[in-house]
Structures are given as structure tokens and as C-alpha cells.
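For the sequence shown, my numbering begins at 15 and goes up steadily by one. A virtual CB, placed ideally from N, CA and C, is assigned to each residue, including glycine.
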Amino acid sequence: MEASQRPPIGPPMPESRQNGGLDAYLAGLGERVRAARARRGMSRKVLSRASGVSERYLAQLEAGKGNISIGLLRKVAEAMSVPLGDLVREGERPVDLTLLIRKLERLQPDELAQANSLLTETLGLGESGRRIDRVALIGLRGAGKTTLGAALARRSGAPFIEMAREIERTAGMSVDQIFDLSGQAAYRRYERRALEDVLAAHPECVIAAGGSIVSEPETYEMLLRECFTVWLRATPEDHMRRVREQGDTRPMENSGEAMADLKRILETRNALYTRADVVLDTSSRSVEATLNALGLALSDARRKSE
């Protein structure tokens, strides 16, 4: 028998080793895509429309069953405004950066917030001016940002600014038109530009930020650096009820798994929302009680900043 025809010696190689760990890699890739979609509050249908990749193929990709081409994966990444490298982990990092990332990945959310504060203070990247004079309310739609923001602005005499309206003014079109015509990436660009304009024009204001602003690192860092941030937290059920009462089901439109999607979004954004200076639960309080609690938190923060 020729050497090329000799049967293999020993037991068969496991399938996971035969394909060079491809199954495990694809499973991890699918998880990263699913997590990125949840952070941005995009249903699979919305992502399909924005990327041009079918819902069926996206489902396979997220399940770790889709051996997607780099071209299609790039479309998916662009539709979510996520760097391709964040999904595929491509390219070499400096050794120090790699070691730092590995250490940070072992930290709990509260420890990460502490590490971020330490780096900010040590490297001189701290807040500019009196950030306490700008109050930014963050949280998902239905948390009460508009109601409480407008009430706080009336009480303090500061202008009330809804970022959604500022984004529309910057883009010259409605938010729906931005998504329909240009997609998620364009919306994020307009959002950052609008926030820069607001911060430049208003040393004192109350801002109702978009629910997904926490998913854009640079924009969110700007908000945290320049504003006193407050996370208005509510239960998934209260979020869903309030959104439906407003007649707005975006981004859950036509989704039979709306509540599951909402819970996943809250779960994936929780660590980001907790970076806020103050967390207020709007489900367990009336509007008046929440407004009073917010006023007390601001008074305490002002005393500490003096």
C-alpha cells in the first residue's frame, strides 16, 4: 500500500479539531453580532433592512451556523455602526493594550466604572467646566425622560433639549427618514454632531438623550464628561406599556418577541447605564416623587462640587 493510501492511526480526530475550531469561532461571532444588535435596540427585521442581509441568514449567523462572507459581515457591521474588528477580532493589538483589555474583561461592572474613573483622573481626561449645570437623562424609551426632563427644566429655569429633535434639526430630516435613507451609521454621526452643538451652545440645560446613546462609546463618553448624567430606570413591563401608550413601537415593530428583545436590550446596556452619576427608579415612584428625588440628588452633587 502506498503511503498516501495508509489508513489513519489512532481514533478519529474530533470534528471541532478537524475544522480548526471553526464551530467555536462562528458561535462566538454569532454571539457578538447578537449582543451588538441588542445594544442598539435593533430587531432582526430592522437589521436585515439596514444591511441588505436576509433575516434567515442573520438568524443562522447569530446561531453560529452561518459561515458568512467578509463582505456580508461588513454590511452587517456597518448597519449597526460597529467596527468590523469588534466582531471578528481582526488585527494585532499592542502588547500593553492586549494585557490591559484582558485585565479589564475580568472586572465586574462596578469595578469597570471605578477603573474608568481612575484612568480619567490620572490621565487628565476629567470633566470640563461645571458639568453639574448640564443634566442629561438617559434610559430606554418609556423611562420618563421627556416628562421628568421638562418638569426639571421648568423648576430650574434651564432650557429643555430633546436630542431627537436636535438630531432632526442637524440632519434636516426626521429620525425615521434618517434610518430609512441612510441607516444606523448616519444616525450616529448626526447624533454626535448634534450633541457637540448642544454642548457648545448651552452651558446650562436639561437634556433628554436617546436610549441607545450609551452604545456609541465616543458620544457617550462626551455626555458623561460634559453632563451630570441620570439613568431613569424602569421595569421592562413599564417600558413596554409606556411606549405603547405613546403609539410608538420602534424598534420592536412587527416583532412577536418584543418583550424578549426589550429585556435583552436592558441586559446588554445595564453596565453602560450604571456609569451614570445617579440611578433613579421610575417604576416605584410617581412623577412628582421622582422629580423630588432628582432635585435632592442634584443639590447633593452641587454641594460636593463646590
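- Item | DSSP three-state assignment for D291, whether helix, strand or coil | coil
- Cutoff 6 Å; reference A127; Cβ partners in own chain excluding five residues on either side: R289
- Task: Go ahead and pull the three-state DSSP assignment for P265.
- Result: For P265, the predicted structure reports a pLDDT of 46, less than 50, and the residue's modelled location is therefore unreliable. The matter cannot be settled from this model.
- Item | Own chain, CB closer than 6 Å to I181, minus 5 neighbours either side, in chain order | Y204, E205, A208
- Beta-carbon separation of A150 and V220 under 9 Å? yes
- Which class does V244 belong to by DSSP, given the choice of helix, strand or coil? strand
- Task: Measure the Cβ-Cβ separation of V244 and I146 and say whether it is below 9 Å.
- Result: no
- Supposed contact pair L137 and L3 - C-beta distance, whole angstroms, cut 8 Å: With the chain running from 15 to 320 in the structure shown, residue 3 is simply not present.
- Burial state of P108 (16 or more Cβ within 10 Å): exposed
- Query: Excluding the five sequence neighbours on either side, which residues of its own chain have a C-beta within less than 8 Å of the C-beta of R10, listed in chain order?
  - Reply: The requested residue 10 is not part of the displayed model; the chain covers only 15 to 320.
- Do A41 and E281 have their C-beta atoms within less than 9 Å of each other? no
- Item | Closest by C-alpha distance to R63, when choosing among P250, F193, D275, P217 | F193
- Message: I believe S313 touches R144 by the beta-carbon criterion, under 8 Å. Please report the beta-carbon distance rounded to the nearest angstrom.
- Response: Their Cβ separation, rounded to whole angstroms, is 14 Å, which puts S313 and R144 out of contact at 8 Å.
- Message: Tell me which residue opens and which closes the beta strand (DSSP E) that E176 is part of.
- Response: 174-176
- Where does V67 sit, in a helix, a strand or coil, going by DSSP? coil
- Task: Kindly confirm or deny that the stretch 73-91 and the stretch 246-262 touch, where touching means at least three C-beta pairs closer than 8 Å.
- Result: no
- Pair within 9 Å by beta-carbon distance, G156 and Q260: yes
- Among L213, E218, L113, the one whose alpha carbon lies nearest that of G171: E218
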